[in-house]
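Okay, structure first, notes after.
2 protein chains.
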Amino acid sequence: MQEDRTGTGALGQTHQQARQVSLELPDWAWEEMAALPSQLATPEERMAAVLHFARLNTLHATGGPFAAGIFTRDSGTLVVLAVNRVVPLICSCAHAEVMAISLAQKRLGCFDLGAAGLPAHELVVNWMPCAMCFGALLWSGIRSLVVAGYGPEMEAITGFDEGPLPPDWQQELARRGIAFRGNVLRAESLAAFREFAASGAPVYNARQGILP
Amino acid sequence: MQEDRTGTGALGQTHQQARQVSLELPDWAWEEMAALPSQLATPEERMAAVLHFARLNTLHATGGPFAAGIFTRDSGTLVVLAVNRVVPLICSCAHAEVMAISLAQKRLGCFDLGAAGLPAHELVVNWMPCAMCFGALLWSGIRSLVVAGYGPEMEAITGFDEGPLPPDWQQELARRGIAFRGNVLRAESLAAFREFAASGAPVYNARQGILP
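Written out as C-alpha cells, the structure is:
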C-alpha cells in the first residue's frame, strides 16, 4: 500500500503548516516503565527490559523493532526506556536511541548527560546503533554503551539498513571515554529480530525500491 | 557558568516528568521564511538563505551557528529552513539538519522525502554534516546534498566537534543515489564562522573538559 510505504497512513493527512515535531513515546511505554523496578543492577537486567520494549513495540504496531534505555551507569536507575517511532511520528530521525537520548536530556534538564554534577549515564540498545545513532550517542554525553550485538546479522535477518560505522568505531568510543560492552543477551535479541521478520511488519528504509 | 555549560539555564528547571521533546524553531525563523521568495532557483540563492539563518541564530541567541534548508531539488521550492537548537531545546540531537529533516517530513506527511509520488528533495547546509547528521541524511530520503564546504576549517575556527565521517563518504552518497555539491559560498560561510568564534557565543560539545 502506498500509505504504508510513505508513512502517511498513520495520520491520514499531511501537516503543511506544522511548526513542531513532538518526539513522543506510546502510552504503553510509560505504563511499562512505571511497572519496572526503579533500579536494574546488571547489564542483563537492563537489556532484558530493552528487549521487552522492542518486542512490545512490534506487538502494539507503534514503531520498528528497536528499543533503547538510558540508565545511570553505576546504580542502574532508569531515566527512560524508549522505542523506535519512525513510522507513527513520520520522522526518519525518530530511532530508539534518538528518542531515549532526547527524552533523557529533557527529563534531566541538561543537553549533556556527561556534564559535571551528573552521575555517569549508560545507553543500552538491542543492537549496535546505526550510522546516525552512533553520531547521536557521541554527542549525548553518555559514558557507557551496552549492545546486544553487532555485525551483519540483524540487517541480514530484518532487512533494515544500518549504514556505515567508522571502521575503527570501537577505538572511536574509547578515545572519547565511552566504555563499550557487546553481546549482552545476543541470542535473545536475534531471536526477537527473527520473530519480527516473520511477522511481516514494515521495514522503513528510505527511498524504498531505488537502492541498487 | 554551570547553567550555560549544562544547558539548564534556558529554562531554569528540570522536567523530570516530561513525556515529549518538541522540536521547534524560534518564532523569527517562521517570520523570515515567510519573507523569502517561495522558490530559490540556484544553489547560491539557497545557500545564501541558509547562511542568513545561521547568522540570525547566533544574533538571536537561539542556537548554534548552523542552518539547513530542505528544498525541492529542481524547482527550488522551500519546504523548511531550520537552525541548530541544541542548547535552547536541551537536546543534543537538535542539530540544524535533524530539525530540517524532521520538520520537512512532518509538513509533507511522509517519513521518506524520496518516496514515490514526491518530487526530489535537496538538503542545503552551511557546512558538511557531522557524524550524526550524515547518518540522518542517509535515512531522510533526500536525493541531493549541497554544502558550503567540508574539511577541517570549520572545526578549527569554531571548536565544534564534528566526529568521524566514513572515509569514503563521497562514494557512500553516490552509492545511495544522493548527488553532492561542495563549496557553494564557501568563503562567506567561513567568514560567518569566524564572526561566530569572535562573538564568544557558547560551543556545546558533550562532556566539556573531559575530552583528551
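Protein chains in written order, with the numbering used here: chain A, 11 to 222; chain B, 11 to 222. Note that beta-carbon positions come from the ideal geometry of N, C-alpha and C, so glycine has one too.
With residue i and residue j assumed to form a contact (beta carbons below 8 Å), what rounded beta-carbon distance in angstroms separates them?
| i | j | result |
| --- | --- | --- |
| V108(B) | M138(B) | Going by Cβ atoms, the distance from V108(B) to M138(B) rounds to 15 Å, so no, they are not a contact pair. |
| G79(A) | A216(B) | Between A216(B) and G79(A) the Cβ distance is about 19 Å, and since that is not below 8 Å, they are no contact. |
| S209(A) | L61(A) | In fact, because the Cβ distance is near 16 Å, the residues do not count as touching under 8 Å. |
| F81(A) | H131(A) | 7 Å |
| W40(B) | R29(A) | 7 Å |
| F121(A) | S102(B) | 5 Å |
| I100(B) | G119(A) | 6 Å |
Using the Cβ count rule (16 or more neighbours within 10 Å means buried), how would you classify residue i?
| i | result |
| --- | --- |
| L1(A) | Here chain A covers residues 11 to 222 and nothing more, so residue 1(A) does not appear. |
| P177(B) | exposed |
| A44(A) | exposed |
| N136(B) | buried |
| A106(A) | buried |
| S85(B) | exposed |
| Q115(A) | buried |
| N67(A) | buried |
| V213(B) | exposed |
| G145(B) | buried |
| R186(B) | buried |
| L133(B) | buried |
| T168(B) | buried |
| A141(A) | buried |
| L21(B) | Confidence in L21(B) is poor, its pLDDT being 39 and thus under 50, which makes the residue's placement too unreliable to answer from. |
| G161(A) | exposed |
| A166(B) | exposed |
| P47(A) | exposed |
| A110(B) | buried |
| G127(B) | exposed |
In the DSSP output, what is residue i paired with across the bridge?
| i | result |
| --- | --- |
| G9(A) | No information on residue 9(A) is available, as it lies outside the stretch 11 to 222 that chain A covers here. |
| F190(B) | L155(B) |
| V213(A) | In DSSP, V213(A) forms no bridge with anything. |
| V31(A) | L33(B) |
| Q49(A) | T87(A) |
If you drop the 5 nearest sequence neighbours on each side, which residues of the same chain put their C-beta closer than 8 Å to that of residue i?
| i | result |
| --- | --- |
| A104(B) | L33, G73, N94, R95, V96 |
| E42(B) | H62, F63, L66, L91 |
| T52(A) | G86 |
| Q180(B) | F190 |
Between residue i and the rest of its own chain, which residues show a CB-CB distance below 6 Å, the 5 nearest in sequence each way excluded?
| i | result |
| --- | --- |
| Q27(A) | none |
| A77(B) | V60, F63, A64, V93, A106, N136 |
| L183(A) | F190 |
| R196(B) | A158, G159 |
| P75(A) | A64, T68, F206 |
| G124(A) | G151, R153 |
| H25(A) | none |
| C143(B) | H105, E107 |
| P174(A) | A141 |
| A211(A) | T68 |
| E172(A) | C140, E165 |
| P129(B) | T82 |
By Cβ distance, which residues of its chain are closer than 7 Å to residue i, with the 5 residues on each side in sequence left out?
| i | result |
| --- | --- |
| L50(B) | R56, A59, F81, G86, L88 |
| I188(A) | I152, R153, S154, L155 |
| E54(B) | V194, L195 |
| E163(B) | L200 |
| L148(B) | R186 |
| G117(B) | Looking at the sequence shown, residue 117(B) is not Gly but Arg. These residues qualify, in order along the chain: V89, V90. |
| P36(B) | H70, T72 |
| query | What are the residues of the stretch 26-40 of chain B that lie near chain A, defined by any Cβ-Cβ distance shorter than 8 Å? | reply | Q26, Q27, A28, R29, Q30, V31, S32, L33, E34, L35, W40
| query | Which residues, in chain order, does the stretch 73-89 of chain B contribute to contact with chain A at a C-beta distance below 7 Å? | reply | The residues in question: there are none.
| request: Check distances from the C-beta atoms of the stretch 182-199 of chain A to those of chain B and list, in chain order, the residues that come in under 8 Å. | output: E182, R185, R186, G187
| task | Taking a Cβ distance cut-off of 8 Å, strictly less, list which residues of the stretch 133-145 of chain B are near chain A, in chain order. | result | Listed by position along the chain: C140, A141, M142, C143, F144, G145.
| Listed in chain order, which residues of the stretch 165-176 of chain B have Cβ atoms closer than 7 Å to some Cβ of chain A? | G173, P174, P176
| task | Anything in the stretch 103-121 of chain B with a Cβ closer than 7 Å to a Cβ of chain A? List those residues in chain order, please. | result | C103, V108, I111, S112, L113, Q115, K116, R117, L118, G119, C120, F121
| Contact set between the stretch 47-63 of chain A and chain B, restricted to residues whose Cβ is under 8 Å from the partner | none
| request: Residues of the stretch 145-164 of chain A with a CB closer than 7 Å to any CB of chain B: list them in chain order, please. | output: G145, A146, L148, W149, S150, G151
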